[in-house]
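Residue numbers (full-length UniProt numbering): 1 to 213.
Structure (structure tokens):
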């Protein structure tokens with residue numbers, strides 16, 4: 001169905017960086033972008049189908065702005081289009097999230113707990129931390145054979161508190177709105193991953209166009 005062009009208008013589009021749709025559902029313009037247009041056009045354009053994902057397409061698809069422009073012009077040739085932001089978006093086909101398995105959560109927790117503990121112990125062994133503690137106690141007390149138990153206990157508590165402050169996180173509670181170092185690293189990893197996927201998808205589309213020619 002072609003939308004009537006009796007009254008030309010302008011459609012303003014800003015693509016989202018990444019979107020998610022369930023399997024078997026077509027990708028519509030409203031799923032991947034913010035659209036500002038006259039009320040008479042809004043519902044029709046937001047429900048405009050851009051892609052019909054197939055299982056062979058994988059779980060991540062690239063939607064290019066030029067493809068969106070072609071789809072809009074096919075139904076509204078006289079409609080003006082203004083684009084803002086990035087020229088593409090990634091669409092992830094996601095299945096319904098399953099409830100986490102407590103057994104696997106416990107296994108991962110134990111691996112992280114003992115793994116991090118061994119890493120700290122090996123680091124302390126490499127730098128001879130025990131001898132350093134004994135030397136500090138000797139300097140503080142003047143006794144060479146003085147016990148370093150309380151000093152080591154306070155040191156261990158300090159490591160834990162230092163990690164909590166550094167990561168700005170304890171369980172699900174954050175102390176302030178600043179991102180934690182782990183969140184920053186995960187964000188950078190996701191950005192690099194998205195850039196790689198975009199490059200690969202453009203290469204795949206280019207090869208498909210060359211085969212059609």
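Where is the CB? At the ideal position from N, CA and C, for every residue including glycine. Being a predicted model, the structure only gives us computed values, none of them experimental.
Contact between the region 105-112 and the region 29-39 is absent, with fewer than three C-beta pairs closer than 8 Å. Within the same chain, and ignoring the five residues on either side of residue 29 in sequence, the residues whose Cβ sits closer than 7 Å to its Cβ are 35, 45, 46, 48, 50 and 68. Checking the DSSP bridge columns, you'll see residue 10 partnered with 80.
Rounded to the nearest whole angstrom, the C-alpha separation of residue 180 and residue 72 is 41 Å. In this structure residue 111 is exposed. Its beta-carbon is surrounded by fewer than 16 other beta-carbon atoms within 10 angstroms. The beta carbons of residue 137 and residue 114 sit no closer together than 8 Å. In the structure shown, residue 38 falls within a coil segment according to DSSP collapsed to helix, strand and coil. Per DSSP, the continuous beta strand (DSSP E) segment holding residue 49 begins and ends at 49-51. The same chain holds no residue with a CB closer than 6 Å to that of residue 185 once the five nearest residues on each side in sequence are set aside. Secondary structure at residue 70: helix, using DSSP grouped into helix, strand and coil.
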